[in-house]
Amino acid sequence: MDVILSEAAPRTDLDLAIRVERVSHAFQTPAGTPVLALDDVSFDVPRGQFLALVGASGCGKTTILNMAAGLVQPVAGTVVVNGARVTRPSRRTGYMFARDGLLPWRSARRNIEVGLELRGVPVSERRATGSRLLDLVGLKAFGSSYPWQLSQGMRQRVALARTLAIDPDTLLMDEPFAALDAQTKLMLQTEFLRIWERDRKTVLFVTHDLAEAVALADRVIVLTCRPGRIQADIAIDLPRPRDPERIRFDHHYLRLSERVWQALKAGEAAS
Amino acid sequence: MTITARTADDGRVLDTLARSEADRRARRRRRTAWVWAARAIVLGLFVGLWQWTVDIGAIDPFFFSQPSAIAGFLVEEVRDGSIWPHVLVTLRETLVGFAVGAGGGVAAGIVRMQFPFVADVSNPFLTILNVLPRVALAPMFIIWFGVGEGSKVALAVSLVFFILMLNTEAGIRSLDRELVLTMRALGATDRQLFWKVMLPGAVPAIFGGLRLGVVYALLAVVVGEMISAHMGLGQRIAFHAASFRAEGVLGTILVLAVIGLGLNLAVVRAEQVLLRWRGDAP
Ligand SMILES: Nc1ncnc2c1ncn2[C@@H]1O[C@H](COP(=O)(O)OP(=O)(O)OP(=O)(O)O)[C@@H](O)[C@H]1O
Ligand SMILES: [Mg+2]
Numbered sequence: 000m001d002v003i004l005s006e007a008a009p010r011t012d013l014d015l016a017i018r019v020e021r022v023s024h025a026f027q028t029p030a031g032t033p034v035l036a037l038d039d040v041s042f043d044v045p046r047g048q049f050l051a052l053v054g055a056s057g058c059g060k061t062t063i064l065n066m067a068a069g070l071v072q073p074v075a076g077t078v079v080v081n082g083a084r085v086t087r088p089s090r091r092t093g094y095m096f097a098r099d100g101l102l103p104w105r106s107a108r109r110n111i112e113v114g115l116e117l118r119g120v121p122v123s124e125r126r127a128t129g130s131r132l133l134d135l136v137g138l139k140a141f142g143s144s145y146p147w148q149l150s151q152g153m154r155q156r157v158a159l160a161r162t163l164a165i166d167p168d169t170l171l172m173d174e175p176f177a178a179l180d181a182q183t184k185l186m187l188q189t190e191f192l193r194i195w196e197r198d199r200k201t202v203l204f205v206t207h208d209l210a211e212a213v214a215l216a217d218r219v220i221v222l223t224c225r226p227g228r229i230q231a232d233i234a235i236d237l238p239r240p241r242d243p244e245r246i247r248f249d250h251h252y253l254r255l256s257e258r259v260w261q262a263l264k265a266g267e268a269a270s
Numbered sequence: 000m001t002i003t004a005r006t007a008d009d010g011r012v013l014d015t016l017a018r019s020e021a022d023r024r025a026r027r028r029r030r031t032a033w034v035w036a037a038r039a040i041v042l043g044l045f046v047g048l049w050q051w052t053v054d055i056g057a058i059d060p061f062f063f064s065q066p067s068a069i070a071g072f073l074v075e076e077v078r079d080g081s082i083w084p085h086v087l088v089t090l091r092e093t094l095v096g097f098a099v100g101a102g103g104g105v106a107a108g109i110v111r112m113q114f115p116f117v118a119d120v121s122n123p124f125l126t127i128l129n130v131l132p133r134v135a136l137a138p139m140f141i142i143w144f145g146v147g148e149g150s151k152v153a154l155a156v157s158l159v160f161f162i163l164m165l166n167t168e169a170g171i172r173s174l175d176r177e178l179v180l181t182m183r184a185l186g187a188t189d190r191q192l193f194w195k196v197m198l199p200g201a202v203p204a205i206f207g208g209l210r211l212g213v214v215y216a217l218l219a220v221v222v223g224e225m226i227s228a229h230m231g232l233g234q235r236i237a238f239h240a241a242s243f244r245a246e247g248v249l250g251t252i253l254v255l256a257v258i259g260l261g262l263n264l265a266v267v268r269a270e271q272v273l274l275r276w277r278g279d280a281p
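Same order as they appear, the protein sequences are chains A and B.
Under numbering that gives the first Met the number 0, the first residue of the first sequence is numbered 0, with each subsequent residue one higher.
Under numbering that gives the first Met the number 0, the first residue of the second sequence is numbered 0, with each subsequent residue one higher.
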């Protein structure tokens with residue numbers, strides 16, 4: 000899908016995948032005083048955009064994803080996904096975590112197919128999708144392996160395939176590659192980018208890894224901490240297709256990384 | 000899963016892997032053989048020593064009987080077929096009590112986990128019933144359900160039910176929250192969450208309960224039969240004891256031990272089949 004991201008073009012609601020509008024959120028602490036996690040956060044994500052959210056630990060990134068996923072309701076403000084206010088998990092949204100969350104009693108294939116099973120997709124169709132995705136994430140030979148028989152990188156690939164299997168319009172990803180070693184991480188980033196660049200789904204991607212954010216995303220939002228506010232909103236105008244491995248030596252990439260890093264520093268200093 | 004060698008190097012690695020696997024298996028077989036040999040020796044020594052000390056008059060066969068007398072008793076019981084009806088009754092009571100108790104316990108655990116209100120209301124009652132020594136209820140069960148098989152089944156149910164209920168609840172409660180969250184994010188309804196995550200996740204704990212429960216079912220039935228019954232191995236034990244026949248008591252106990260082993264083995268096998276996914280993972 001091609002979306003033209005010009006400021007001049009008036010955006011209709013159809014172009015918008017996610018709208019976070021004046022969202023504030025507080026959590027009750029055991030001590031009794033509520034802690035303000037998010038303070039008046041607003042941003043829009045056009046359809047097909049790959050948006051990365053970065054910010055120090057505990058500044059509300061996961062909370063934003065949980066809201067978009069319908070797992071948490073904001074205390075104030077609204078989160079709209081695909082034109083509808085989110086009140087409960089939607090079957091059109093995929094959510095992936097840092098921990099794989101694979102069901103230990105299911106083989107890799109049956110884990111990949113679980114989302115389809117929940118949607119009542121017939122077995123033959125499920126098998127076909129399962130095979131296609133096993134192939135896509137390079138685990139063709141491991142379909143009948145159980146999670147304990149797979150390495151961490153392989154398990155995370157199964158989790159990625161499981162998220163992609165339901166063919167979501169919107170992908171929410173919470174540090175999906177954080178638990179991996181540097182090499183496996185790079186490999187999965189490359190693989191994921193290759194898959195993503197084919198059908199360009201809307202992605203909301205949380206990460207602590209600035210290099211990852213700049214290498215993958217179209218745009219990076221930097222959050223400040225306690226309360227979470229938007230510190231900077233930086234467009235990453237690097238050409239696609241990108242190779243996360245090679246882009247690290249690109250001049251423009253380095254300049255953008257520097258900007259993101261400065262914004263993060265400024266955000267930490269402010270709070 | 001098939002792994003094929005792509006290069007000569009790969010081939011060597013796979014060869015080595017196959018060889019070390021074969022080595023490991025051979026070593027394990029040798030060890031198993033030794034373990035069984037040692038067990039046979041321990042058993043032989045025990046039985047032989049018992050037989051011998053009675054033969055030389057060191058201990059009184061009136062109280063302790065003798066292996067040869069027990070064997071003679073069992074051979075006689077089997078030859079005239081008089082033991083089989085009792086075995087059948089005890090087995091039937093145990094299996095029915097176990098099945099009803101386990102089914103009810105698992106169902107109760109599930110319902111209590113699904114409906115916290117039910118759990119809160121039932122908690123004090125179930126706690127009292129559970130801490131009560133159930134065997135003390137045996138006389139009441141005999142009054143309510145008669146001297147026949149019903150009262151033994153009821154006693155078994157009263158023990159097995161709680162074991163399975165508590166284990167099922169523990170299994171559901173100990174479930175990884177991450178799994179529930181992931182499945183919810185994948186679009187699972189409450190119902191699907193229950194059938195596809197909570198219940199399968201509780202299966203290992205439920206089997207822990209079943210292994211314990213089958214032993215307790217047999218225990219309850221035998222105690223019930225010893226208190227008052229027309230038939231059953233427990234009744235035989237009480238009968239032989241009353242007529243001071245030690246070989247009768249011990250022989251019947253031996254039969255009960257075999258039954259217990261068989262039941263336990265059945266549960267363990269079922270567990271192995273159902274929990275195949277675990278492999279030999281730690
Ligand atoms: N369920 C909860 N109960 C109470 N407080 C919570 C809860 N979830 C999050 N918080 C608080 O809200 C704040 C934001 O949490 P959140 O998980 O969104 O942070 P994050 O940006 O994802 O952090 P990290 O990068 O470490 O994952 C934190 O200060 C945390 O203490
Ligand atoms: Mg987080």
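C-beta: ideal position from N, C-alpha, C; glycine also.
The structure presented is a predicted model; accordingly, all values stated were derived computationally and were not measured.
Query: Beta-carbon gap between residue 15 of chain A and residue 93 of chain A smaller than 8 Å; Result: no
Query: First and last residue of the uninterrupted alpha helix (DSSP H) at residue 145 of chain A; Result: Neither: residue 145 of chain A is in no alpha helix (DSSP H) and is coded neither H nor E.
Query: Residue ranges of each beta strand (DSSP E) within the region 103–181 of chain A, 3 or longer; Result: 169–173
Query: Backbone secondary structure at residue 3 of chain A - three-state DSSP; Result: Model confidence at residue 3 of chain A stands at a pLDDT of 45, short of 50, so the residue's coordinates are unreliable; what they give is reported in the following sentence. In this structure, residue 3 of chain A counts as coil in the three-state DSSP scheme.
Query: Residue 245 of chain A, buried or exposed, once every other Cβ within 10 Å from all chains shown has been counted against 16; Result: exposed
Query: Nearest-residue set for ligand 1, Cβ under 5 Å from any heavy atom; Result: A/26, A/36, A/56, A/57, A/58, A/59, A/60, A/61 and A/62
Query: 8 Å contact criterion, which residue 270 of chain B and residue 98 of chain A should meet: CB distance rounded; Result: So it is not a contact: roughly 28 Å between Cβ atoms.
Query: Closer than 9 Å at the beta carbon, the chain B residues around residue 165 of chain A; Result: 185 and 186
Query: Residue 103 of chain A beta carbon less than 8 Å from that of residue 276 of chain B; Result: yes
Query: Cβ pair count under 8 Å reaching 3, the region 23–43 of chain A against the region 166–180 of chain A; Result: no
Query: Residue interval of the beta strand (DSSP E) (run including residue 39 of chain A); Result: 33–45
Query: Proximity test, residue 173 of chain A beta-carbon vs ligand 2 heavy atom, cut-off 7 Å; Result: yes
Query: Nearest neighbour of residue 141 of chain B, chosen from B/198, B/151 and B/102 [CA to CA]; Result: B/151
Query: Residue 205 of chain A beta carbon near ligand 2 (any heavy atom closer than 7 Å); Result: yes
Query: For residue 167 of chain B, the first and last residue of its enclosing alpha helix (DSSP H); Result: 148–172
Query: Nonlocal neighbours in the same chain, by C-beta distance under 7 Å from residue 111 of chain A, ignoring five residues either side; Result: 129, 132, 133, 157, 160, 161 and 164
Query: N-terminal and C-terminal residue of the alpha helix (DSSP H) that residue 97 of chain B is part of; Result: 83–113
Query: Strand pairing of residue 65 of chain B, partner residues [DSSP]; Result: DSSP, once it has assigned bridges, lists no residue as partnering residue 65 of chain B.
Query: Cα-Cα separation, residue 217 of chain B to residue 76 of chain B; Result: 21 Å
Query: Cβ-based neighbour list, residue 169 of chain B, same chain, cut-off 6 Å, excluding 5 preceding and 5 following; Result: 204
Query: Beta-carbon neighbours of residue 96 of chain A, restricted to chain B and to distances below 9 Å; Result: 177, 180, 181 and 184
Query: Residues of the region 102–114 of chain A with Cβ closer than 9 Å to any Cβ of chain B, in chain order; Result: 102, 103, 104, 105, 106, 113 and 114
Query: Own chain, CB closer than 6 Å to residue 249 of chain A, minus 5 neighbours either side, in chain order; Result: none
Query: Residue 195 of chain A classed as buried or exposed, judged by whether at least 16 other C-beta atoms fall within 10 angstroms; Result: buried
Query: Runs of alpha helix (DSSP H) wholly within the region 192–243 of chain A (minimum 4 residues, chain order); Result: 209–215
Query: Spatially closest choice to residue 237 of chain A from A/185, A/193, A/229 and A/251, by CA coordinates; Result: A/251
Query: Residue 21 of chain A - DSSP class collapsed to helix/strand/coil; Result: strand
Query: Neighbourhood of residue 58 of chain A by C-beta, 6 Å cutoff - its chain only, sequence neighbours within 5 removed; Result: 222, 224 and 227
Query: Spatial distance of residue 167 of chain A from residue 191 of chain A (CA atoms); Result: 15 Å
Query: Beta-carbon gap between residue 171 of chain B and residue 201 of chain B smaller than 8 Å; Result: yes
Query: Proximity below 8 Å, CB of residue 266 of chain B to CB of residue 213 of chain B; Result: yes
Query: One or two residues paired with residue 50 of chain A in a DSSP bridge; Result: A/203 and A/218
Query: Residue 90 of chain A - DSSP class collapsed to helix/strand/coil; Result: coil
Query: Contact check, residue 107 of chain A vs residue 70 of chain A, beta carbons under 8 Å; Result: no
Query: Buried versus exposed call for residue 218 of chain A [16 or more other C-beta atoms within 10 Å across all chains shown]; Result: buried
Query: Cut-off 6 Å between Cβ atoms - residues of its own chain near residue 164 of chain B, not counting five sequence neighbours on either side; Result: 104, 107 and 108
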